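Student: Take a look at the following structure, please.
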Amino acid sequence: MDLQSLLIILVLGALIGLALGALGGGGSILTVPILVYLLHLETHVAVTASLVIVGINALVGILLHYRAGHVNLKASLLFGIYGILASYGGARISSLIPSAILLVLFGLLMLVIALMMIRSKAQARFAYRSWWMTVLGGLGVGLLTGFLGVGGGFLIVPALVLFLGMSMPDAVGSSLVVIALNSVAGVLGHLNSGALPWTLMGLFALAGLIGLLIGTRFTNLLPPERLRQIFASFVLMLGIVVLTLNIPEVFHYLKLMY
């Protein structure tokens, strides 16, 4: 591993941990493109590595937020359990799809998530809670976690606010429990995706823990809505880049098929 790759891992790993600690998400929505485009991992391997990295950071984040009193363990476990089987199934389906199509779907998800984050404050007025919505929310987030290798935080946080009536700080901390559960199930579904770069993953996770420590401080210093809007702009731009790079490849793939 050269010095440039090491610096990329340390800096971007810390930023991903920062997002995870401050927003309860953002880890793997950025990790997969970084692993693919900057560190040149094969897409399916990058998806698996992303789940491992984000899962490790989420476990540490749970402890930090729990100490601050912002983890509703019972509710988050209930929500997360519904997503475990869906996450495993999503991972199995993902392994059957070509990389370019997977990345286009990933880019589209980025755009949707960015818009959700931007509109999250307005959506909070429409809190509606019922047990079957909690089930559907958990299953939907779990499926996306396994299928696209995302921890799901930017979907989980709004879901916990809307479906379980949590405050934003509690939703951020509690989302890490769901992310950890879904990441474990997703990794199990991706075990046949290829040899994993354990050294790279370890460095990424270590750098992420440093960012995580800083990010958890931000939940008390800055309004979560403000952080979410800033990060949404970055996710939106990155999603556009991913789509721009991969849509031509998808058209080429479809042309070869037909």
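Converting from the sequence shown to this note's numbering requires adding 93 to each position, the first position being numbered 1. Idealized CB from N, CA, C, for every residue including glycine. This structure is a prediction, so every number in the text was calculated from the model and none was measured.
For residue 270 versus residue 155, is the C-beta distance shorter than 8 angstroms?
Tutor: Within the sequence shown, residue 270 is the residue found at index 177, counting from 1. Within the sequence shown, residue 155 is the residue found at index 62, counting from 1. In this structure, residue 155 lies closer than 8 angstroms to residue 270 by Cβ.
Student: Does the distance from the C-beta atom of residue 267 to that of residue 165 stay below 8 angstroms?
Tutor: Sequence index remark: in the sequence shown, residue 267 carries index 174 (1-based). Sequence index remark: in the sequence shown, residue 165 carries index 72 (1-based). Yes. Within cutoff.
Student: Considering residue 108, what are the terminal residues of the alpha helix (DSSP H) in which it resides?
Tutor: By one-based count along the sequence shown, residue 108 stands at place 15. First-last of the alpha helix (DSSP H) with residue 108: 96 to 116.
Student: Considering Cα atoms alone, identify which of 333, 296, 326 is closest to residue 96.
Tutor: As a position in the sequence shown, residue 96 is number 3, starting the count at 1. Considering only alpha carbons, the answer is 296.
Student: Roughly how many whole angstroms lie between the Cα atoms of residue 139 and residue 128?
Tutor: Taking the first residue of the sequence shown as position 1, residue 139 is located at position 46. Taking the first residue of the sequence shown as position 1, residue 128 is located at position 35. Distance between the alpha carbons of residue 139 and residue 128 is about 6 angstroms.
Student: According to DSSP, simplified to helix, strand and coil, what is residue 132?
Tutor: As a first step, residue 132 is located in the sequence shown; it is residue number 39 there, counting from the start. Residue 132 falls in the coil class under three-state DSSP.
Student: Would you mind stating whether residue 123 and residue 112 have Cβ atoms separated by less than 8 angstroms?
Tutor: Taking the first residue of the sequence shown as position 1, residue 123 is located at position 30. Taking the first residue of the sequence shown as position 1, residue 112 is located at position 19. It is a contact, given that the beta carbons lie within the stated cut-off.
Student: Measure the alpha-carbon distance for residue 197 versus residue 237 and round it to whole angstroms.
Tutor: Numbered from its first residue, the sequence shown carries residue 197 at position 104. Numbered from its first residue, the sequence shown carries residue 237 at position 144. Each residue's Cα considered, the two are about 14 angstroms apart.
Student: Report buried or exposed for residue 170, applying the criterion of at least 16 other Cβ atoms within 10 angstroms of its Cβ.
Tutor: To locate residue 170, count along the sequence shown from 1; it is residue 77. So residue 170 ends up on the exposed side.
Student: State the start and end residues of the unbroken alpha helix (DSSP H) segment that holds residue 275.
Tutor: In the sequence shown, residue 275 corresponds to position 182, counting from 1. Unbroken alpha helix (DSSP H) run through residue 275: 261 to 282.
Student: How would you label residue 100, buried or exposed, when you count the other beta carbons within 10 angstroms and need 16 or more for buried?
Tutor: Stepping through the sequence shown from its first residue, residue 100 is reached at position 7. By the 10 Å Cβ count, residue 100 comes out exposed.
Student: Considering only the alpha carbon of each residue, which of 233, 146, 110, 126 lies closest to residue 289?
Tutor: Residue mapping note: residue 289 aligns to position 196 of the sequence shown, counting from 1. Cα-wise, what sits closest to residue 289 is 146.
Student: With C-beta atoms as the reference, is residue 256 less than 8 angstroms away from residue 187?
Tutor: The sequence position of residue 256 within the sequence shown is 163, counting from 1. The sequence position of residue 187 within the sequence shown is 94, counting from 1. No; because the gap between Cβ atoms is not below 8 angstroms, this pair is not in contact.
Student: If I measure Cβ to Cβ from residue 346 and keep anything under 8 angstroms in the same chain, skipping five residues before and after, which residues do I get?
Tutor: Here residue 346 refers to the residue found at position 253 of the sequence shown. So the qualifying residues of the chain are 191, 193, 194.
Student: Below 7 angstroms CB to CB, which residues in the same chain sit around residue 150 once its five sequence neighbours on both sides are set aside?
Tutor: As a first step, residue 150 is located in the sequence shown; it is residue number 57 there, counting from the start. Here the set comprises 110, 113, 120, 298, 301, 302, 305.
Student: Tell me where the alpha helix (DSSP H) around residue 188 begins and ends.
Tutor: Position 95 of the sequence shown, counted from the start, is the residue given in the question as residue 188. Careful: residue 188 lies outside any alpha helix (DSSP H) and carries neither H nor E.
Student: Is DSSP giving residue 126 helix, strand or coil here?
Tutor: As a working note, residue 126 is residue 33 in the sequence shown. If DSSP states are grouped into helix, strand and coil, residue 126 belongs with the helices.
Student: How would you label residue 189, buried or exposed, when you count the other beta carbons within 10 angstroms and need 16 or more for buried?
Tutor: Start at 1 with the first residue of the sequence shown, and residue 189 comes out as number 96. When all chains shown are included, residue 189 counts as exposed.
Student: Could you check the C-alpha separation between residue 175 and residue 231 for me, to the nearest Å?
Tutor: Counting from 1 along the sequence shown, the entry for residue 175 is found at position 82. Counting from 1 along the sequence shown, the entry for residue 231 is found at position 138. So the alpha carbons of these two residues sit roughly 5 angstroms apart.
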